[in-house]
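Asks:
In my numbering, the protein residues as written are 997 to 1095.
(1) Just tell me which of 1032, 1052, 1081 and 1042 has its CA closest to the CA of residue 1069.
(2) Between residue 1080 and residue 1090, what straight-line distance do the alpha-carbon atoms span, to the nearest angstrom?
(3) For the alpha helix (DSSP H) holding residue 1047, just list the boundary residues, first then last.
(4) Based on the DSSP output, what are the partners of residue 1019 in its beta bridges?
(5) Got a sec: does the ligand GDP put a non-hydrogen atom nearer than 7 Å to the Cβ of residue 1034?
(6) Suppose you measure from the CA of residue 1040 to the CA of residue 1020; what does that come to, to the nearest Å?
(7) How would you write the range of the alpha helix (DSSP H) that residue 1063 sits in, first residue to last?
(8) Could you spell out the range, first to last residue, of the alpha helix (DSSP H) harbouring residue 1086?
(9) Using C-beta distances below 6 Å, list every residue in its chain close to residue 1056, excluding the 5 sequence neighbours before and after it, in chain order.
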């Protein structure tokens, strides 16, 4: 017999919600939940993109220039000071080119 006393096995208690299947240290249920949420949002984005495309088609058939509409939407997203700065630079560049 050995003089060194054997250590008792470590006892680890787990809560019921912690007892989820893990593979390689990854909580499979949590991973699946995240993936499914991303997939749902991707589907929603696809549907929204289709709706936006339909609206641009409607605008085009009503005689609006879609390229200009896209520019207006881009401008509306920006801060007024940023828009003013860009317009000033555009004016300066036009004058420099004799336009």
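Backbone N, C-alpha and C define an ideal beta-carbon position, used for all residues, glycine too.
Computed from a predicted structure; not experimentally measured.
Replies: The short version:
(1) Looking up residue 1069 in the chain shown gives position 73. Here the closest residue by C-alpha is 1052.
(2) As a position in the chain shown, residue 1080 is number 84, starting the count at 1. As a position in the chain shown, residue 1090 is number 94, starting the count at 1. For the pair residue 1080 and residue 1090, the Cα-to-Cα distance works out to about 15 Å.
(3) As a first step, residue 1047 must be located in the chain shown, where it is residue number 51. DSSP places residue 1047 in the uninterrupted alpha helix (DSSP H) bounded by 1024-1057.
(4) Against the chain shown, residue 1019 aligns to sequence position 23. According to DSSP, residue 1019 bridges with 1022.
(5) You won't find the ligand GDP in this model; it holds no ligand whatsoever.
(6) Position 44 of the chain shown holds residue 1040. Position 24 of the chain shown holds residue 1020. Going from the Cα of residue 1040 to the Cα of residue 1020 covers about 32 Å.
(7) As a position in the chain shown, residue 1063 is number 67, starting the count at 1. In this chain, the alpha helix (DSSP H) harbouring residue 1063 covers 1062-1073.
(8) Position 90 of the chain shown, counted from the first residue, corresponds to residue 1086. 1076-1092 is the span of the alpha helix (DSSP H), which, as asked, contains residue 1086.
(9) Residue 1056 sits at position 60 when you count from the first residue of the chain shown. These residues qualify, in order along the chain: 1062.
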